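To keep things clear, I will list the structure first and then write my remarks on it.
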Amino acid sequence: MGSNSRYDRDRPVGDREAAEARAFHTIAELLGHHPELITDRAVAGQIAHVLHNSAIELAAGRPLPIGVRRAVRGLADALRAAMDPRPKAGA
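Structural data, given as structure tokens:
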């Protein structure tokens, strides 16, 4: 008998998901090099876990629920902007 569990459905990983997964891993790694960004190391560690685990799901071909994926993308974009070494516009 079949299952509707998303873990039972294999699907190929597209280039977009693979790139997004790599980006999430990279941002999570860089977070450790920017202790000024999130001063509570426990919070920074949990944020890194969210990014790493989201990347693992995407790289395995398992889609994230749309709300979760949007939230993780927003988090990654905000962290990327905060860690960008280039001067901010208007600064």
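Heads up: the sequence shown is residues 1 to 91, going by full-length UniProt numbering.
Ideal Cβ positions, reconstructed from N, Cα and C, are used throughout, including at glycine.
All of these numbers come straight from a predicted model, not from anything done at the bench.
Bounds of the alpha helix (DSSP H) holding Glu-29 are 15-31. The distance from the Cβ of Arg-11 to that of Gly-67 is about 20 Å, inconsistent with a contact at the 8 Å cut-off.
CA-CA distance, Ala-19 to Ala-28, rounds to 14 Å. Ala-42 counts as exposed, since fewer than 16 other beta carbons sit within 10 angstroms of its beta carbon. Your pair Ala-55 and His-25 checks out as a contact, with CB atoms roughly 5 Å apart and the cut at 8 Å.
Ranked by Cα distance from His-52, the first of Arg-22, Gly-74, Ala-78 is Arg-22.
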